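Chains as they are written, first to last, in our numbering: chain A, 938 to 1049; chain B, 9 to 124.
Even for Gly, the Cβ is constructed at its ideal location relative to N, Cα and C.
Just so you know, these numbers come straight off a predicted model, no measurement behind them.
What follows is one structure encoded as structure tokens, with my remarks underneath.
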């Protein structure tokens, strides 16, 4: 299994509060991704990173920001959480542009 | 607009029989396709992939077939085992479009239940 951890694994928060999810990898892979999984939508890309300090938007990036200050860590921040951001969030990594993506265990977020 | 579709939300199969999971796509620019398996409370795990230059790829009990003219791919599991019970996602990407990353577009998933 790829060395990917996500923290926290579960979180309950209130509408309007900031939330930060962390993805940590031990594989030294260049590419990191954040997805959300919702019923009826599969997994959708939020943001991705192609190197330290290099990030770009995915298909559902509104309301989210990311940062990557080290190769091993990719942070996803909800600046002001809304109920529509209740979801399961997955981090993924890949070694190269055309390499397979490997996923972390997920973070279940509930916004009340 | 769902570019990758899995029209069967669920499938039930007897142990030892063949499981066939289907996936359709609309974007003819997709040139790389993958299947992931997901157990509850875990992340998706990569299962098998196929490039658009092939029409079949096999790995043990798992075979993926690609029909480019129909924009259709399928995953065959033979023989099916109870441990195969999981949600299966197909995903597609444009590997050779020259962009900065391999962006995967996922289907909505099919829940496979293999009955003992």
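Beta-carbon proximity list for residue i, same chain, < 6 Å, skipping 5 on both sides
i: residue 947 of chain A; result: 1045
i: residue 987 of chain A; result: 968
i: residue 30 of chain B; result: 82
i: residue 1017 of chain A; result: 953
i: residue 1060 of chain A; result: Shown here, chain A extends from 938 to 1049; a query on residue 1060 of chain A therefore has no answer.
i: residue 17 of chain B; result: none
i: residue 1022 of chain A; result: 1015, 1048
i: residue 951 of chain A; result: 1049
i: residue 15 of chain B; result: none
i: residue 41 of chain B; result: 58, 81, 100
i: residue 1032 of chain A; result: 966
i: residue 35 of chain B; result: 11
i: residue 956 of chain A; result: 950, 1015, 1018
Chain B residues whose Cβ lies nearer than 7 Å to that of residue i
i: residue 1039 of chain A; result: 54
i: residue 979 of chain A; result: 97, 114, 115, 116, 117
C-beta contact flag for residue i and residue j at 9 Å
i: residue 64 of chain B; j: residue 94 of chain B; result: no
i: residue 1037 of chain A; j: residue 54 of chain B; result: yes
i: residue 19 of chain B; j: residue 116 of chain B; result: no
i: residue 62 of chain B; j: residue 995 of chain A; result: no
i: residue 90 of chain B; j: residue 124 of chain B; result: yes
Partners in chain A for residue i, counting only beta-carbon separations shorter than 7 Å
i: residue 103 of chain B; result: 1035
Residues that residue i contacts on chain A, provided the C-beta gap is smaller than 8 Å
i: residue 50 of chain B; result: 1042, 1043
Other residues of its chain near residue i: CB distance less than 7 Å, five sequence neighbours each side excluded
i: residue 977 of chain A; result: none
i: residue 114 of chain B; result: 12, 97, 99
i: residue 86 of chain B; result: 26, 69
i: residue 1005 of chain A; result: 969, 986, 989, 990, 992, 1011
i: residue 998 of chain A; result: 983, 984
i: residue 1007 of chain A; result: 989
i: residue 23 of chain B; result: 88, 89, 90, 122, 123, 124
i: residue 102 of chain B; result: 37, 38, 39
Beta carbon proximity, residue i to chain B, threshold 9 Å
i: residue 983 of chain A; result: no
i: residue 940 of chain A; result: no
i: residue 1011 of chain A; result: no
i: residue 1029 of chain A; result: yes
Short CB-CB distance (under 9 Å) between residue i and chain A
i: residue 122 of chain B; result: no
i: residue 12 of chain B; result: yes
i: residue 16 of chain B; result: no
i: residue 57 of chain B; result: yes
i: residue 42 of chain B; result: yes
Contact set for residue i: own chain, Cβ-Cβ below 8 Å, skip 5 residues either direction
i: residue 121 of chain B; result: 18, 19, 20, 21, 93
i: residue 943 of chain A; result: 958, 959, 960, 961, 1026, 1027, 1028, 1041, 1042, 1043, 1044
Neighbour list for residue i in chain A, Cβ cutoff strictly below 9 Å
i: residue 111 of chain B; result: 970, 982, 985, 995, 996
8 Å contact criterion, which residue i and residue j should meet: CB distance rounded
i: residue 88 of chain B; j: residue 76 of chain B; result: Contact doesn't hold; Cβ gap of about 27 Å is too wide.
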